[in-house]
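Student:
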Amino acid sequence: MVELDADLDHIVPSVLPPFWAKLVVGFISLLCFARSYDGDFVFDDSEAIVNNKDLQSDTPLGDLWHHDFWGSKLSSNTSHKSYRPLTVLTFRINYYLSGGFHPVGFHVVNILLHGSISILMLDVFSVLFGGLQYTGKGQRVHLAPRASLLATLLFAVHPVHTECVAGVVGRADLLCALFFLLSFLGYCQALKETGNKEGTHSSTFWVLLSIFLGAVAMLCKEQGITVLGLNAVFDILVIGKLNILAAVRKVLHKNKSQENTGMFKNGGLLFRIALLTIGGTSMLYIRWKIMGTGPPAFTEVDNPASFADSMLVRAINYNYYYSLNAWLLLCPWWLCFDWSMGCIPLIKSVGDWRVIALAALWLCLIGLIFQALCSEDSCKRRILTLGLGFLVIPFLPASNLFFRVGFVVAERVLYLPSAGYCVLLTFGFGALSRHTKKKKPVAAIILGILLINALRCVIRSGEWRSEEQLFRSALSVCPLNAKVHYNIGKNLADQGNQTAAIKYYREAVRLNPKYVHAMNNLGNILKERNELQEAEELLSLAVQIQPDFAAAWMNLGIVQNSLKRFEEAEQSYRTAIKHRRKYPDCYYNLGRLYADLNRHVDALNAWRNATVLKPEHSLAWNNMIILLDNTGNLAQAEAVGREALQLIPNDHSLMFSLANVLGKSQKYKESEALFLKAIKANPNVASYHGNLAVLYHRWGHLDSAKKHYEISLQLDPVAVGTKENYSLLRRKLEQTQKKDV
C-alpha cells in the first residue's frame, strides 16, 4: 500500500534493501531470546522430552506415528491426543546429534527457528501491506518495505513469544508457524500464476503444494490446518475483491446484475476453494481416525469455564479469556507459564466489573470487521481483512468454540495470531502518522515499544532458564494459582528442601482443596518425615476425590505398611495395580510387604513382575538376590544376579549383591573382581570395603582384609559387625606373628 508506506516515511525514514532488512530482523530476533540458549529443560519439557521414550533410538521410528506428543499411545484413554509426530521427530534428531538430553542443542534450534520465521514474516507482511500486483515481467509492485519492516520488528521482539522460544516444547508452535507461512506464500504464488493464461497447471501445483504444507504444519501442531481457512479468506475477500457492503446493498435492492454474481462465476476461484475444502476435509478426517478414541478428557481445574452449567456463564468467560489474550498482545508485561487453577476466577454474573473488558474487545473487533468488509478503499480492506484473518483464524482451535481445550490462557497459542496484531498495529501507526503533523512523537512511541518489548524478551528469557526462576516469576502474576505453588514446592522437594516444600504444598491444597497431586506429594514428604497419621489422611482424601489415582493408592499402601496395617496396605497396592496395570514400582512395594510377612514366594513373584515391566528396576533385582541369598538359595540368587547384570551392567549395587553370593559359594576370584568393580564405581560405601575384607578374611588374604577393614571403618567408624571382624582379624594376625617368632 503506497499510502501507508508514505505515512510511515518519517517513522521508518530509510528503505533497507531486502537482504539487509532480513539481516537486521534476523539479528534482532536472535538477540532478544539468546539468553535462553543454555537454559535447562523446564516445566512441560520434562514430560515431552526427558521422559519421552520416542526420542530414544530403541523406539522404532514408526511408533512416532501412533503416539501422542508425550509418548503415549493415541489409542489410550489417558492420551492427551496432541498428535505432532514431526515435532517429536525433530526432538529425536536433536537427541541423536547432541548425544543425549543436553538442552543447549534443543534451545539453539528453537532460537534459530524464531529467527527464520521472523525473516519469513518480511515476505508475508509485504504481501499483506503491498498486495499481489505484478508488472508485465512478473515482478511485484508495491512491496511496502517500511510497513513490512516495522510489522516484522514488532513481531520479532514480542515478549509473548518467549514461551515458544525459550521453552523447548514451544517448538511445536514454531514449526507449525514456519510451515503455515510457507503454505500461505505458496498460495500467493498460485494466485500469481492465475494471471497467466498458460499458468493453470502451475497454479494448481502451487495450490496443492500449499495444502501439503498446511498438512505438514498440522503434523507439527494441530493449529496448522487453519492456514487453509486463511488462504480461502484471502482468495475470496482480497483477490476476489468481494465487498460485503456492496453485495448486501445489491441483495436488498434485488439487483441481479452480472457484476454482482461475477465473482461466483469465476471458475478459477471456485476450483481453488474446492481444492482447499477437499484438502481440509481429508486432513480432518484422517486426523480424527488417527485420534482413535475421541477427544481427550480434561478436568475442571484445566478449564473451569467449560464445566459451568450455564451457557451464559460459559459464553461470558470464554469471551473474557479472549480479552485477556488480546491484553497479552497489547501489554505483554504480566506473563505466566500457567494460567489455570484459580489464576483467573470465573465470572458468574453480568454484574462483574470484568465484563467491561470483553465489551471493549468486541467493540474494537466489530469496528475493525466493519471497516475490513465494508470500506470502499480496497487497500484498507485487504490490510484489515488479512490482519484480522491472521489474528483470529489461527486462534480458533484454542477458542473453545469447536471443542473443549485443556487450558484457560496459553501464551504459546498467540505466536501466529500476534502476526495479525502486528499488522493492525502498524496500520494504526500509519493512520496516526497521517492525521498528525508531529511525526516525532509517533516515532518515539514506536521506538519505545520496540525497546521495551526487546528488554522484556531478554528478562523473560532469563526467567525461562530454570524452573526455580520460572515458577517464582509466576507468583506475582498468579498468586491464586495452586499449580504455581505446587510447582515451586516440587522444585524445592527435588532440591532436598522438604520444610519449604511442605509450606508451598499446603498452600496449593488450601487454594484448591481437590488438588490430588499436591496432596500426594505432601503425603509423600510427611511419610518420609515419619508423620504417618497426617500422610494417611491426605492420601486417603486424594483417592477419595480421584478413585483411579494409582500413585496415591501406592503411597497410601506404603504408609499403611509402615503403620503395620498389612492387609489394608496389600489392598491399596492391589487397587493401584488395578488402575495402572503396568506399575513396576507398585509391584516392588508389594514385594516388600510380602517379604515383611515372610511370604517369600509372593515377594519374589511381585519383584519379578516389577523387573518384567521395567527391566532396569535395580531395587527389585537387588531384593530378589538378597532374599534368595538369605534363604540359602545361592544357586538361584547367583542366576538372578547374573541376569540382572546383563540388563544393568554398570549398577554397582547389583555387583555388590552378586559378589556376596559368589563369596558364600567360595567363588572367591570372581567375587573379588565384582567387589573391586563396585568399589571403583562408588569408592565411599563402607559396606563394599567391609564385605570385600570379609571375603579376603575367608580366603586367607589377611593383609588385604586388614586394609579394607580399615578403609571401611574410616568411612563408618560405628559399624559393629566390621569392628568385630577387624578385632578377630587382628587377633589372628597377632597369633600368626607369635608363631613366626
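No gaps in the numbering here: position 221 of the sequence shown is 221 in full-length UniProt numbering, and each next residue is one more.
C-beta: ideal position from N, C-alpha, C; glycine also.
#1: Would you mind stating whether T152 and V15 have Cβ atoms separated by less than 7 Å?
#2: What's the gap between the Cα of K707 and the Cα of A693?
#3: Considering only DSSP beta bridges, list what K73 is partnered with.
#4: Return helix, strand or coil for Y134, following the three-state DSSP convention.
#5: State the start and end residues of the unbroken alpha helix (DSSP H) segment that holds R510.
#6: If you follow the alpha helix (DSSP H) that G557 is part of, which residue opens it and which one closes it?
#7: Give the range of the alpha helix (DSSP H) segment to which D596 is assigned.
#8: Is it buried or exposed for N598, if we count other Cβ within 10 angstroms and need 16 for buried?
#9: Could you check whether N110 and V165 sit closer than 7 Å to each other, using their CB atoms as the reference points?
#10: State buried or exposed for residue 745, treating a residue as buried only when at least 16 other CB atoms are found within 10 Å of its CB.
#11: Which parts of the region 587 to 647 are runs of the alpha helix (DSSP H), unbroken and 4 residues or longer, counting only runs that do not cross its ends?
#12: Using the three-state DSSP reduction, which class does R580 fall into: helix, strand or coil?
#13: Quick one: grab the DSSP three-state call for R354.
#14: Using the beta-carbon count (16 or more within 10 Å), is V720 buried or exposed?
#15: Going by alpha carbons, who is nearest to P85 out of L647, A639, R171 and W206?
#16: Spatial neighbours of Q258 within its chain, please: CB distance less than 6 Å, with the 5 preceding and 5 following residues excluded, ordered by chain position.
#17: Whole angstroms is fine: what's the gap from K723's alpha carbon to E638's?
#18: If contact is defined by three or more beta carbon pairs under 8 Å, each pair taking one atom from either stretch, is the region 301 to 311 in contact with the region 405 to 418?
#19: Cutting at 7 Å between CB atoms, please list the residues of its own chain near R400, excluding the five before and the five after it.
#20: CB-CB under 8 Å to S466, same chain, minus the five flanking residues each way: which ones, in chain order?
#21: Thinking C-beta only, is N491 closer than 7 Å to C343?
#22: List the residues that DSSP assigns as beta-bridge partners of R456.
#23: Report the CB separation of N605 from I558 in whole angstroms; it is logged as a contact under 8 Å.
#24: For R465, which three-state DSSP category applies?
#25: Who are R140's beta bridge partners in DSSP?
#26: Between A156 and F129, is the Cβ-Cβ spacing less than 7 Å?
#27: To test your reading of the DSSP string, which unbroken alpha helix (DSSP H) runs of 4 or more residues are found completely within the UniProt repeat "TPR" (686 to 719)?
#28: Could you check what DSSP says for M341 in three-state terms: helix, strand or coil?
#29: Tell me whether the beta-carbon of T631 lies closer than 7 Å to the beta-carbon of W621.
#30: For V238, which option in S378, V477, L328 and V516 has the closest C-alpha, if you only look at C-alpha atoms?
#31: Pick helix, strand or coil for H80, following the three-state DSSP scheme.
#32: Going along the chain, which residues of its own chain have a beta-carbon closer than 7 Å to the beta-carbon of H66, five neighbours each way excluded?
#33: Going by DSSP in three states, G100 sits in which element: helix, strand or coil?
#34: Given a threshold of 16 other Cβ atoms within 10 Å of its Cβ, counted over all protein chains shown, does M341 qualify as buried or as exposed?
#35: Leaving out five residues before and five after C50 in sequence, what residues of the same chain have Cβ atoms less than 7 Å from its Cβ?
#36: For A635 and H697, I'd like the C-alpha separation in whole angstroms.
Tutor: From the atom records:
#1: In the sequence shown, the residue the question calls residue 152 occupies position 152. In the sequence shown, the residue the question calls residue 15 occupies position 15. Cβ atoms of T152 and V15: not closer than 7 Å.
#2: If you number the sequence shown from 1, residue 707 lands on position 707. If you number the sequence shown from 1, residue 693 lands on position 693. Their backbone Cα atoms lie some 8 Å apart in a straight line.
#3: Here residue 73 corresponds to residue number 73 of the sequence shown, with the count starting at 1. Answer by DSSP bridge pairing, in chain order: H67.
#4: Position 134 of the sequence shown, counted from the start, is the residue given in the question as residue 134. Residue state, collapsed to three classes: strand.
#5: Walking along the sequence shown from the start, residue 510 turns up at place 510. From DSSP, the alpha helix (DSSP H) with R510 extends over Q498 to L511.
#6: Position 557 of the sequence shown, counting from 1, holds the residue named residue 557. Start and end: A550 to S562.
#7: Stepping through the sequence shown from its first residue, residue 596 is reached at position 596. Run containing D596: P584 to D596, per the alpha helix (DSSP H) assignment.
#8: Locating residue 598 in the sequence shown gives position 598, counting from the first residue. Classification of N598: exposed, given that the 10 Å Cβ count is below 16.
#9: As a working note, residue 165 is residue 165 in the sequence shown. As a working note, residue 110 is residue 110 in the sequence shown. Yes, they are a contact pair.
#10: In this structure the chain extends from 1 to 741, so residue 745 is not present and cannot be described.
#11: 600 to 613, 618 to 630 and 634 to 647
#12: For this step, residue 580 is matched to residue 580 along the sequence shown. Coil.
#13: By one-based count along the sequence shown, residue 354 stands at place 354. Residue state, collapsed to three classes: coil.
#14: Against the sequence shown, residue 720 aligns to sequence position 720. The residue is exposed, with fewer than 16 neighbouring Cβ atoms inside 10 Å.
#15: Numbered from its first residue, the sequence shown carries residue 85 at position 85. When only C-alpha atoms are compared, the closest one is R171.
#16: Here residue 258 corresponds to residue number 258 of the sequence shown, with the count starting at 1. At Q258, the pLDDT of 48 sits below 50, so the modelled position is not reliable and the matter cannot be decided from this model.
#17: As a working mapping, residue 723 is identified with position 723 in the sequence shown. As a working mapping, residue 638 is identified with position 638 in the sequence shown. Cα to Cα, K723 sits roughly 28 Å from E638.
#18: yes
#19: Sequence index remark: in the sequence shown, residue 400 carries index 400 (1-based). One point to set straight first is that residue 400 is Asn, not Arg, in the sequence displayed. The residues are S306 and Y318.
#20: Counted from its first residue, the sequence shown places residue 466 at position 466. Answer for S466: G39, D40 and V42, listed in chain order.
#21: Your numbering for residue 343 matches position 343 in the sequence shown. Your numbering for residue 491 matches position 491 in the sequence shown. Result no, Cβ atoms of C343 and N491 do not sit closer than 7 Å.
#22: Here residue 456 is taken as the residue at index 456 of the sequence shown, counted from 1. DSSP, once it has assigned bridges, lists no residue as partnering R456.
#23: For this step, residue 605 is matched to residue 605 along the sequence shown. For this step, residue 558 is matched to residue 558 along the sequence shown. Contact flag wrong, Cβ pair sits at about 19 Å.
#24: By 1-based counting over the sequence shown, the position of residue 465 is 465. In the structure shown, R465 sits in coil (DSSP, three-state: anything other than H, G, I, E or B).
#25: Residue numbering aside, residue 140 sits at position 140 when the sequence shown is read from its first letter. Answer is Y134.
#26: For this step, residue 156 is matched to residue 156 along the sequence shown. For this step, residue 129 is matched to residue 129 along the sequence shown. Contact: no.
#27: 686 to 699 and 702 to 715
#28: Looking up residue 341 in the sequence shown gives position 341. Correct three-state label for M341: coil.
#29: As a first step, residue 631 is located in the sequence shown; it is residue number 631 there, counting from the start. As a first step, residue 621 is located in the sequence shown; it is residue number 621 there, counting from the start. Result no, Cβ atoms of T631 and W621 do not sit closer than 7 Å.
#30: Mapped onto the sequence shown, residue 238 falls at position 238. V238 has its Cα closest to that of S378, out of S378, V477, L328 and V516.
#31: Stepping through the sequence shown from its first residue, residue 80 is reached at position 80. DSSP places H80 in coil when its eight states are reduced to three.
#32: The residue given as residue 66 occupies position 66 in the sequence shown. Here the set comprises K73 and L74.
#33: Residue mapping note: residue 100 aligns to position 100 of the sequence shown, counting from 1. Three-state result, G100: coil.
#34: Start at 1 with the first residue of the sequence shown, and residue 341 comes out as number 341. M341 should be labelled buried.
#35: Against the sequence shown, residue 50 aligns to sequence position 50. Residue identity differs from the one stated: residue 50 is Val in this sequence, not Cys. Closer than 7 Å at the Cβ level, and outside the excluded window around V50, lie F41 and F101.
#36: If you number the sequence shown from 1, residue 635 lands on position 635. If you number the sequence shown from 1, residue 697 lands on position 697. Going by the C-alpha atoms only, they are around 23 Å apart.
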